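Just add 8 to wherever you are in the sequence shown, counting from 1, and you've got the working numbering.
We treat Cβ as the ideally placed atom computed from N, Cα and C, and that holds for glycine.
Keep in mind it's a predicted model, so treat the numbers as computed, not measured.
Written out below as structure tokens is the structure these notes cover.
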Amino acid sequence: MDVNEQELILQVSKGSEHAFALLFHRHHQHLAAFVFKLTDSYTLTEEVVQDTFLKIWINREQLTDIKNFKGYLFTISKNHTLNCLKQAVKERALMQYLETESVINDAEESPSFYHLLLDKAINELPPQQQKVYVLSKQQRLKYSEIASLMGISPETVKSYLKLAIVSIKSFVKKNIYLLLLFLTK
9 MDVNEQELIL QVSKGSEHAF ALLFHRHHQH LAAFVFKLTD SYTLTEEVVQ DTFLKIWINR
69 EQLTDIKNFK GYLFTISKNH TLNCLKQAVK ERALMQYLET ESVINDAEES PSFYHLLLDK
129 AINELPPQQQ KVYVLSKQQR LKYSEIASLM GISPETVKSY LKLAIVSIKS FVKKNIYLLL
189 LFLTK
């Protein structure tokens with residue numbers, strides 16, 4: 009760490025936004041290249057770099073205790089990158105699991121938080137789609153039986169069911185973080 013950088017770090021530790029901006033510009037490019045090698049994603053790289061510098065700003069009072077700022081910077085970014093990658097893997101695995109129709113069918117058999125989420129999604133469906141979904145998936149009626157009950161064609165039943173499933177999956181995806189919180193506890 010050269011004298012110039014030590015002075016910048018001292019100024020940052022005292023709250024100088026200008027010194028922080030200089031420190032950011034000095035290390036941003038090298039840090040981004042390092043993170044990109046780990047993530048292969050420009051979006052995630054920028055997120056990690058910004059979060060790393062945010063942590064440095066938040067904990068700026070402790071900067072004077074750091075002997076090797078560059079090592080400290082890269083360690084924070086590496087740890088944050090690994091945490092982000094682990095979270096992305098969990099989310100991807102859960103999304104793949106949720107995308108199978110068997111998850112929707114299994115939800116009726118095992119009461120859980122997912123079941124509550126599914127119920128909420130079903131309740132938000134338009135009335136015709138909701139009725140078709142309940143008759144098909146929960147009461148296990150055939151398309152022809154549903155069509156006869158509702159006074160619509162079997163093709164309309166099929167169409168409503170497909171729309172209902174798409175809506176339910178979309179609802180679950182939008183509320184996936186609630187499910188992730190539940191599953192990680």
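Can you find a C-beta in chain C that's less than 8 Å from the C-beta of residue i?
| i | result |
| --- | --- |
| residue 173 | Included in the structure is just one protein chain, with no chain C present. |
I'd like the span of the alpha helix (DSSP H) that includes residue i, first residue to last.
| i | result |
| --- | --- |
| residue 58 | 50–66 |
| residue 30 | 25–47 |
| residue 139 | 135–141 |
Hey, residue i and residue j are a contact pair by Cβ (cut 8 Å); roughly how many whole angstroms apart?
| i | j | result |
| --- | --- | --- |
| residue 140 | residue 168 | 4 Å |
| residue 61 | residue 53 | Actually they are not in contact, since the Cβ atoms of residue 61 and residue 53 sit about 13 Å apart, beyond 8 Å. |
| residue 33 | residue 81 | Actually they are not in contact, since the Cβ atoms of residue 33 and residue 81 sit about 13 Å apart, beyond 8 Å. |
| residue 47 | residue 93 | 7 Å |
| residue 176 | residue 124 | Not really, about 13 Å apart at Cβ, beyond 8 Å. |
| residue 154 | residue 144 | 6 Å |
Please state whether the Cβ-Cβ distance between residue i and residue j is less than 8 Å.
| i | j | result |
| --- | --- | --- |
| residue 40 | residue 57 | yes |
| residue 180 | residue 129 | yes |
| residue 85 | residue 28 | no |
| residue 72 | residue 16 | no |
| residue 172 | residue 137 | yes |
| residue 151 | residue 162 | yes |
| residue 25 | residue 77 | no |
| residue 38 | residue 59 | no |
Would you mind listing the alpha helix (DSSP H) stretches within the region 148–189 that are 4+ residues and don't spill past its ends, in chain order? 151–158 and 162–182
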